[in-house]
Each structure stands twice: as C-alpha cells, then as structure tokens.
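Asks: My structure is below; once you've seen it, I'll send some questions.
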Amino acid sequence: MGSFSIWHWLIVLVIVALVFGPSRLRNLGGSLGGAVKDFRKGLSDDDEKNAKIENEERQA
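In our numbering, the protein residues as written are 1 to 60.
Encoded structure:
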C-alpha cells in the first residue's frame, strides 16, 4: 500500500487526460521539452565559455 503500482499511475494519467484534454497536455509537454532543451544548451554554453577562459589563462 506504500508504493504505487503501474495501474495506479495509469488511472491517474487517464484522469489527468480527461481533465486537461489532449491538446493542453501536448502544449504542456512541448513547453517542458523546450525548457529542458534550453537548460541543457545553457549548461553546454557555460562549459564552452569556461573552457575558453581556462585556455586564455593558460596562454597568458
């Protein structure tokens, strides 16, 4: 009773789909995916900037 089975999650998913509708869930999923993509891009941009700064410091 302490953990949820797959059937519990499927029932919750069906209820959420009925309440919000498929189009709103699709928009929410797209927004969430875009946010994750931008977050990962930001992390990689920071890594590239840090690597560039380290290279400049080594050369100086």
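Every residue gets a Cβ at the ideal spot worked out from N, C-alpha and C, and that includes glycine.
#1: Look at the alpha carbon of V19 and the alpha carbon of L25, and state the distance between them as a whole number of angstroms.
#2: Determine the direct distance from the alpha carbon of S31 to that of I11, and round the result to whole angstroms.
#3: Need the endpoints of the alpha helix (DSSP H) that G30 sits in, please.
Replies: The short version:
#1: On the sequence shown, residue 19 is found 19 positions in, with the first residue counted as 1. On the sequence shown, residue 25 is found 25 positions in, with the first residue counted as 1. V19 and L25: Cα-Cα distance of roughly 10 angstroms.
#2: As a working mapping, residue 11 is identified with position 11 in the sequence shown. As a working mapping, residue 31 is identified with position 31 in the sequence shown. Roughly 24 angstroms separates the two Cα atoms.
#3: As a first step, residue 30 must be located in the sequence shown, where it is residue number 30. Counting along the chain, the alpha helix (DSSP H) containing G30 begins and ends at 22–59.
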